[in-house]
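J.: Here UniProt numbering is used: the first residue of the sequence shown is 1, the next is one more, and so on.
Glycine included, C-beta positions come from ideal geometry on N, C-alpha and C.
These numbers come from a predicted model, not from an experiment.
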Amino acid sequence: MEFKKRNGGPAMGGASQAKKGKMNTEWEDSPSQFEEELALFDEMEMEAESGEGQAGHDVIPEGDLFSADLNPRWKRPHAPPLQPISDTLIFQQIDLDYYLGSAVAGMPGQVQGKVPIVRMFGVTDSGNSVCCHVHGFAPYFYVPAPNGFINAHLAEFQRELNSAVLKDMRSNKDNIAVTVLAVDITKKESMYHYHGNKPLDFLRITMAMPRLIAPAKRLLEQGFKFANFATQSYQAYEANIDFEIRFMVDSDVVGCCWIELPKGKYRLREERSEGQTVSLCQYEVDVAWNHLVSHPAEEEWQRIAPLRVLSFDIECAGRKGVFPEPEIDPVIQIASMVQRQGEKEPFIRMVFTLQSCASIVGSQILCFTQEKLLLQSWAEFVRTVDPDIITGYNIQNFDLPYLLNRAATLKVTCFLLRFIYFDLFVCVCKSQVDKLSLAPEDFIKTPTGDLFVKSSVRKGLLPEILENLLSARKRAKAELKKETDPFKKQVLDGRQLALKISANSVYGFTGAQVGKLPCLEISQSVTGFGRQMIEQTKQLVESRYTISNGYQADAKVVYGDTDSVMVKLGVATVQETMNLGKEAADWVSSHFVPPIKLEFEKVYYPYLLINKKRYAGLYFSSNAEHHDKMDCKGIETVRRDNCPLVANLINTCLQNILIDRDPDGAVAHAKEVISDLLCNRIDISQLVITKELTRTAQEYAGKQAHVELAERCVFTHSTTWSSSCPNLYCASLNPYWARAKLRLAWNENDLY
Numbered sequence: 001m002e003f004k005k006r007n008g009g010p011a012m013g014g015a016s017q018a019k020k021g022k023m024n025t026e027w028e029d030s031p032s033q034f035e036e037e038l039a040l041f042d043e044m045e046m047e048a049e050s051g052e053g054q055a056g057h058d059v060i061p062e063g064d065l066f067s068a069d070l071n072p073r074w075k076r077p078h079a080p081p082l083q084p085i086s087d088t089l090i091f092q093q094i095d096l097d098y099y100l101g102s103a104v105a106g107m108p109g110q111v112q113g114k115v116p117i118v119r120m121f122g123v124t125d126s127g128n129s130v131c132c133h134v135h136g137f138a139p140y141f142y143v144p145a146p147n148g149f150i151n152a153h154l155a156e157f158q159r160e161l162n163s164a165v166l167k168d169m170r171s172n173k174d175n176i177a178v179t180v181l182a183v184d185i186t187k188k189e190s191m192y193h194y195h196g197n198k199p200l201d202f203l204r205i206t207m208a209m210p211r212l213i214a215p216a217k218r219l220l221e222q223g224f225k226f227a228n229f230a231t232q233s234y235q236a237y238e239a240n241i242d243f244e245i246r247f248m249v250d251s252d253v254v255g256c257c258w259i260e261l262p263k264g265k266y267r268l269r270e271e272r273s274e275g276q277t278v279s280l281c282q283y284e285v286d287v288a289w290n291h292l293v294s295h296p297a298e299e300e301w302q303r304i305a306p307l308r309v310l311s312f313d314i315e316c317a318g319r320k321g322v323f324p325e326p327e328i329d330p331v332i333q334i335a336s337m338v339q340r341q342g343e344k345e346p347f348i349r350m351v352f353t354l355q356s357c358a359s360i361v362g363s364q365i366l367c368f369t370q371e372k373l374l375l376q377s378w379a380e381f382v383r384t385v386d387p388d389i390i391t392g393y394n395i396q397n398f399d400l401p402y403l404l405n406r407a408a409t410l411k412v413t414c415f416l417l418r419f420i421y422f423d424l425f426v427c428v429c430k431s432q433v434d435k436l437s438l439a440p441e442d443f444i445k446t447p448t449g450d451l452f453v454k455s456s457v458r459k460g461l462l463p464e465i466l467e468n469l470l471s472a473r474k475r476a477k478a479e480l481k482k483e484t485d486p487f488k489k490q491v492l493d494g495r496q497l498a499l500k501i502s503a504n505s506v507y508g509f510t511g512a513q514v515g516k517l518p519c520l521e522i523s524q525s526v527t528g529f530g531r532q533m534i535e536q537t538k539q540l541v542e543s544r545y546t547i548s549n550g551y552q553a554d555a556k557v558v559y560g561d562t563d564s565v566m567v568k569l570g571v572a573t574v575q576e577t578m579n580l581g582k583e584a585a586d587w588v589s590s591h592f593v594p595p596i597k598l599e600f601e602k603v604y605y606p607y608l609l610i611n612k613k614r615y616a617g618l619y620f621s622s623n624a625e626h627h628d629k630m631d632c633k634g635i636e637t638v639r640r641d642n643c644p645l646v647a648n649l650i651n652t653c654l655q656n657i658l659i660d661r662d663p664d665g666a667v668a669h670a671k672e673v674i675s676d677l678l679c680n681r682i683d684i685s686q687l688v689i690t691k692e693l694t695r696t697a698q699e700y701a702g703k704q705a706h707v708e709l710a711e712r713c714v715f716t717h718s719t720t721w722s723s724s725c726p727n728l729y730c731a732s733l734n735p736y737w738a739r740a741k742l743r744l745a746w747n748e749n750d751l752y
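Take a look at the structure:
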């Protein structure tokens, strides 16, 4: 690996640099360096083969498997002894699930039968792997307490519900004796509708296992009777929340956060104790769910542990014209690279191959005589390297299923273990306004006719969520401005973008009727207010910025869409337009209810408006003297559903019109390209249209050209989900006929 880092490979960027030059720059040939490059390759290969376990071929004798002794540095760092009484264990969790296991002595929860145990996988700052078993957390949901319900009724309700769930079970393979662990009275409010700030009595029902919530919910909703209470239906709340999400919310755990296990609060599972450890992690511990500490991703806790990332790709010996089948076609090669998070170069480059192959500079090649040994050795290699994340192109749909099925066909035992695969305002019921004694100034009526209580009366749940998201994004952007480390800047930028997307999605999920929290009153009100404010902005701008009010010209709104308004102010320079735009934004914002604010964003000059959602122009934002970029929306230069010829043609024409201010030149160029096309002077690769196959042909409602092509073409690699399908339209009686050769997206397209 050292030679790779030192030399970086031969410099072969001449051609690519020439292609990146300006359009009118003459081609300049440079003296050929082929001999020097070839000699450098030979030198690198000789150095690689002389390195210890870094490059070259290793032929594995028949019957032998891969051995970690090839390079001890591939293993994780040595894990120092851990003393739970005196040592605090801190790790970054990267995955979380749960399983049903036996109760552990000294841990909270049931002591008999199977119990749900949350399992966390993570990595310490030193790179040691951790498996943490979290005990004592049980699933629960809520139902409204019936009228007249008091604490004395809790035991009877629990007993009757437990009996009903046991009778409803078709099988009891886990020998569950108690299905309902507890029933408690708690004060809660429904997030839907306004109830006058009066918490109501709810029953919190705690179940023994997550899978028991669904039958308990069904029995209660169908009608449930206990004691002297009449049979009635109970509306269940929070019964559709996944157990893992419930645990994360209640324990303040977020994705990939840092977890701290205080000293004296956890137990270490000893490797020498048979049956205790269930993973290959270096530390395996047990802890009560209320003893772990979760740190939010802020300040020092934004760091990332040295995660190990394995990238791999497989090659199969398929039959011509037939997609490889794991029951028949062998795996002939698996190429793997492993890199630590934060490092620029991978520290492992390995190729497992059947028989032999050519040398690969900087990579070590292991040759096997039997496919079964190849698969067993690669699995042992993965266990030795112990990656935290496994990535690759389409591995979830092809590579991993193929390897698992092929291993099953060859009866390869213990093939792989577990890794991470990477591939509201409160709505008011109209009929309740008078009953709750709300004055007209206490609520607002939206353009769609829905009523919402003002924040002065009761602040809704969604506004609080949005404020938290936006304030977190503001902090991330502030830290981004101060940060100097390039990697940390990327992390912070990704964080603020993720928070932005999360905030934007809050409005979206309320409009999904099949989602977790649908509320059409919110989504339609947001849309209604947006339309109303755009119209109000148009009226305000056009009434203020007029010649009669002392301005150079009458302002005219030329386009408005979703959350933006484009105004022609009629001034002479870009700088004047920017100044007036900022002034207009502040003035219009003063007419809106806080925190709604209209912001000045950009100036287009010149501006080409084709039709709705399709426009282009020179974008001025940071500097009034020179445009930042040529911005295009909705036209062929940015759309991916057309051929390169169209995108290049439109882009050149736009440059002629917008930058060179030469419309006649744009027309001449368009005519020239059309002439070249009709005279067959255009390279065929410029006419290829690539579309994605997202499902099988039978699942498409209508006939589409690329789907028809996928069924008709003869190819060496068959198409699968998420495959790109290059196709070419030709003159023919059959409009769906095309000649192209399909390849998966990672292969080059071969056109007839």
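(1) Would DSSP call ILE213 helix, strand or coil?
(2) Would you mind sorting PRO139 into buried or exposed? The rule is 16 or more other CB atoms within 10 Å of its CB.
(3) Kindly provide the ranges of any alpha helix (DSSP H) runs that are 4 or more residues long and lie completely inside the segment 647 to 694, ordered along the chain.
(4) Using C-beta distances below 8 Å, list every residue in its chain close to ASP434, excluding the 5 sequence neighbours before and after it, in chain order.
(5) How about the segment 260 to 268 and the segment 229 to 242: do they share at least three Cβ pairs that are nearer than 8 Å?
(6) Give the range of the beta strand (DSSP E) segment to which TRP258 is assigned.
(7) Which partner residues of LEU492 appear in the DSSP bridge assignment?
(8) Could you give the C-beta distance for LEU89 and LEU96, rounded to a whole number, given that I count them as a contact under 8 Å?
(9) Taking Cβ to Cβ, would you say LYS500 is nearer than 7 Å to ARG473?
(10) Have a look at LEU728, ASN71, ALA555, PRO726 and flag the residue whose alpha-carbon is nearest the alpha-carbon of THR384.
(11) Pairs of beta-carbons, one from the segment 633 to 647 and one from the segment 679 to 694, closer than 8 Å: are there three or more?
(12) Exposed or buried, which one is PRO116 when buried takes at least 16 other CB atoms within 10 Å?
(13) Give me the Cα-Cα distance between GLU583 and HIS591, rounded to the nearest whole angstrom.
(14) Three-state secondary structure (DSSP) at VAL180?
(15) Could you give the DSSP three-state label for ILE389: helix, strand or coil?
(16) Using the three-state DSSP reduction, which class does ASP201 fall into: helix, strand or coil?
(17) Just to check my reading of the structure: PHE121 and GLY342 have Cβ atoms closer than 8 Å, yes? What is that Cβ distance to the nearest angstrom?
(18) Reducing DSSP to helix, strand and coil, say where HIS133 ends up.
(19) Taking the DSSP output, what are the residues bridged to SER311?
(20) Let me know the alpha helix (DSSP H) ranges lying completely inside the segment 534 to 600, each 4 residues or longer, listed in chain order.
(21) May I ask you to list the residues that DSSP assigns as paired with LYS114?
(22) Under 8 Å by Cβ, that's how I've got SER359 and PHE368 pegged, so tell me the actual separation to the nearest angstrom.
(23) Could you give the first and the last residue of the continuous alpha helix (DSSP H) run that contains GLY191?
(24) Is the shortest distance between the beta-carbon of VAL667 and the beta-carbons of chain C less than 7 Å?
(25) Residues in its own chain within less than 7 Å of ASP676 by CB, not counting five upstream and five downstream?
(26) Does ILE501 come out as helix, strand or coil in the three-state DSSP assignment?
(27) Looking only at its own chain, which residues have a Cβ that is under 7 Å from the Cβ of PRO606, when we skip the five neighbours before and after it?
(28) Just the C-alpha distance for ASN228 and LEU181, rounded to the nearest angstrom, thanks.
(29) Using CA coordinates, which residue listed in ARG458, LEU466, GLU464, LEU497 is at the minimum distance from LYS477?
(30) Which one or two residues does DSSP pair with HIS295 in a beta bridge?
(31) Roughly how many whole angstroms lie between the Cα atoms of ALA214 and TRP301?
(32) Tell me whether VAL457 sits in a helix, a strand or coil according to DSSP, three-state version.
(33) Give me, in chain order, the residues of the same chain whose beta-carbon lies closer than 6 Å to that of VAL253; leave out the 5 immediate sequence neighbours on both sides.
(34) Considering just the uninterrupted stretch of the beta strand (DSSP E) at ASP168, what are its terminal residues?
(35) Is it buried or exposed for ASP450, if we count other Cβ within 10 angstroms and need 16 for buried?
T.: Inspection of the coordinates gives the following:
(1) What you label residue 213 is simply residue 213 of the sequence shown in a count that begins at 1. Looking at ILE213 - three-state DSSP - the assignment turns out to be helix.
(2) The count along the sequence shown starts at 1 and reaches residue 139 at position 139. By the Cβ-count criterion, PRO139 is buried, with 16 or more other Cβ atoms from all chains shown falling within 10 Å of its own Cβ.
(3) Counting whole runs of 4 or more residues, the segment 647 to 694 contains the alpha helix (DSSP H) stretches 663 to 678.
(4) Here residue 434 corresponds to residue number 434 of the sequence shown, with the count starting at 1. Any reading at ASP434 is ruled out, since the residue's pLDDT is 43, under 50, leaving its predicted position unreliable.
(5) With a cut-off of 8 Å, the segment 229 to 242 and the segment 260 to 268 do not count as touching, because too few Cβ pairs lie within range.
(6) Along the sequence shown, read from residue 1 onward, the residue named residue 258 stands at position 258. Residues 258 to 261.
(7) By one-based count along the sequence shown, residue 492 stands at place 492. Answer by DSSP bridge pairing: none, since LEU492 is not bridged.
(8) Locating residue 89 in the sequence shown gives position 89, where the first residue counts as 1. Locating residue 96 in the sequence shown gives position 96, where the first residue counts as 1. About 16 Å separates the CB atoms of LEU89 and LEU96; that is not less than 8 Å, and the two are not in contact.
(9) On the sequence shown, position 500 is the one that residue 500 refers to. On the sequence shown, position 473 is the one that residue 473 refers to. A contact, by the Cβ cut-off of 7 Å.
(10) Position 384 of the sequence shown, counted from the first residue, corresponds to residue 384. Nearest option by C-alpha distance: ASN71.
(11) Enough Cβ pairs lie closer than 8 Å, so yes.
(12) Taking the first residue of the sequence shown as position 1, residue 116 is located at position 116. With a 10 Å radius around the Cβ and a threshold of 16 neighbouring Cβ atoms, PRO116 comes out buried.
(13) The residue given as residue 583 occupies position 583 in the sequence shown. The residue given as residue 591 occupies position 591 in the sequence shown. Cα to Cα, the separation comes out at about 13 Å.
(14) Indexing the sequence shown from 1 puts residue 180 at position 180. DSSP places VAL180 in strand when its eight states are reduced to three.
(15) In the sequence shown, residue 389 corresponds to position 389, counting from 1. DSSP places ILE389 in the strand class (E or B) of the three-state scheme.
(16) Against the sequence shown, residue 201 aligns to sequence position 201. Correct three-state label for ASP201: strand.
(17) Position 121 of the sequence shown holds residue 121. Position 342 of the sequence shown holds residue 342. With a Cβ gap of about 19 Å, PHE121 and GLY342 do not count as contacting.
(18) Within the sequence shown, residue 133 is the residue found at index 133, counting from 1. DSSP places HIS133 in strand when its eight states are reduced to three.
(19) Residue 311 sits at position 311 when you count from the first residue of the sequence shown. SER311 is bridged by DSSP to MET337, THR391.
(20) Secondary structure remark: continuous alpha helix (DSSP H) runs of at least 4 residues inside the segment 534 to 600, in chain order: 574 to 589.
(21) Taking the first residue of the sequence shown as 1, we reach residue 114 at position 114. Looking at the DSSP output, LYS114 bridges to SER102.
(22) Here residue 359 corresponds to residue number 359 of the sequence shown, with the count starting at 1. Here residue 368 corresponds to residue number 368 of the sequence shown, with the count starting at 1. Between SER359 and PHE368, the beta carbon gap of about 17 Å keeps them out of contact (Cβ cut-off 8 Å).
(23) Here the question's residue 191 lines up with position 191 in the sequence shown. Strictly speaking, residue 191 in this sequence is Met, with Gly absent from that position. Secondary structure note for MET191: it is in no alpha helix (DSSP H), with a DSSP letter that is neither H nor E.
(24) Protein chain content of the structure displayed is limited to a single chain, and chain C is not contained in it.
(25) Walking along the sequence shown from the start, residue 676 turns up at place 676. Excluding positions up to five away in sequence, the list reads ILE682.
(26) Counting from one through the sequence shown, the residue named residue 501 turns up at place 501. Note: ILE501 maps to helix in three-state DSSP.
(27) The residue you call residue 606 lines up with position 606 of the sequence shown. So the qualifying residues of the chain are GLY617, LEU618, LEU658.
(28) What you label residue 228 is simply residue 228 of the sequence shown in a count that begins at 1. What you label residue 181 is simply residue 181 of the sequence shown in a count that begins at 1. Taking the straight line from one Cα to the other gives about 22 Å.
(29) Residue numbering aside, residue 477 sits at position 477 when the sequence shown is read from its first letter. Among ARG458, LEU466, GLU464, LEU497, the Cα nearest to that of LYS477 belongs to LEU497.
(30) On the sequence shown, position 295 is the one that residue 295 refers to. Bridge partners of HIS295: TRP258.
(31) Taking the sequence shown and counting its residues from 1, one reaches residue 214 at position 214. Taking the sequence shown and counting its residues from 1, one reaches residue 301 at position 301. Distance between ALA214 and TRP301, taken at the CA atoms: about 37 Å.
(32) Here residue 457 refers to the residue found at position 457 when the sequence shown is read from its first residue. Coil.
(33) For the purposes of this step, residue 253 is identified with residue 253 of the sequence shown, where counting begins at 1. Excluding the 5 residues flanking it on each side, VAL253 has same chain C-beta neighbours closer than 6 Å at SER294, in chain order.
(34) Along the sequence shown, read from residue 1 onward, the residue named residue 168 stands at position 168. Segment 154 to 168 is the alpha helix (DSSP H) holding ASP168; no beta strand (DSSP E) there.
(35) By one-based count along the sequence shown, residue 450 stands at place 450. Buried.
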